[in-house]
Amino acid sequence: YYSFTPGLELLSKSDYGKIQGEIIDFLGCSKQDYYRKRTCYVNIPAHIKEGIELIFKKYEINDLNSIWEIKNSEK
């Protein structure tokens, strides 16, 4: 399970709305789906993960470890 919420917490309030819009456009999802995906993106494809990282880089957040929280599924 991947969450990019930690990266969002590094943004200024003025940048949050901008990056949210960019990620929603990139994912091609609804705002409701965005809220779910930002906290729990299951089996994220590599090109989606890399695309989200590129969006964060536009806002000078380059440390990939600070963008993501990764949890293992517990069965």
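In terms of the working numbering, the sequence shown opens at residue 808 and continues consecutively. Just so you know, even glycine gets a beta-carbon here, dropped at the ideal spot from N, CA and C. Since we're looking at a predicted model, the values are computed, not measured.
(1) Beta-carbon within less than 6 Å of residue 855's beta-carbon, same chain only, minus the 5 sequence neighbours each way: which residues are those?
(2) What residue range does the alpha helix (DSSP H) around residue 872 cover?
(3) Alpha carbon to alpha carbon, how far is residue 820 from residue 862? Give it in angstroms, no decimals.
(4) Exposed or buried, which one is residue 878 when buried takes at least 16 other CB atoms within 10 Å?
(5) Within 10 angstroms of the Cβ of residue 845, are there 16 or more other Cβ atoms? Answer buried if so, exposed if not.
Put simply:
(1) Within the sequence shown, residue 855 is the residue found at index 48, counting from 1. Result list for residue 855: empty, nothing under 6 Å.
(2) The sequence position of residue 872 within the sequence shown is 65, counting from 1. Boundaries of the alpha helix (DSSP H) around residue 872: 871-874.
(3) Here residue 862 is taken as the residue at index 55 of the sequence shown, counted from 1. Here residue 820 is taken as the residue at index 13 of the sequence shown, counted from 1. Approximately 16 Å between the Cα atoms of the pair.
(4) The residue given as residue 878 occupies position 71 in the sequence shown. Its Cβ having fewer than 16 others within 10 Å, residue 878 is exposed.
(5) As a working mapping, residue 845 is identified with position 38 in the sequence shown. Counting Cβ neighbours within 10 Å, residue 845 comes out buried, since at least 16 surround it.
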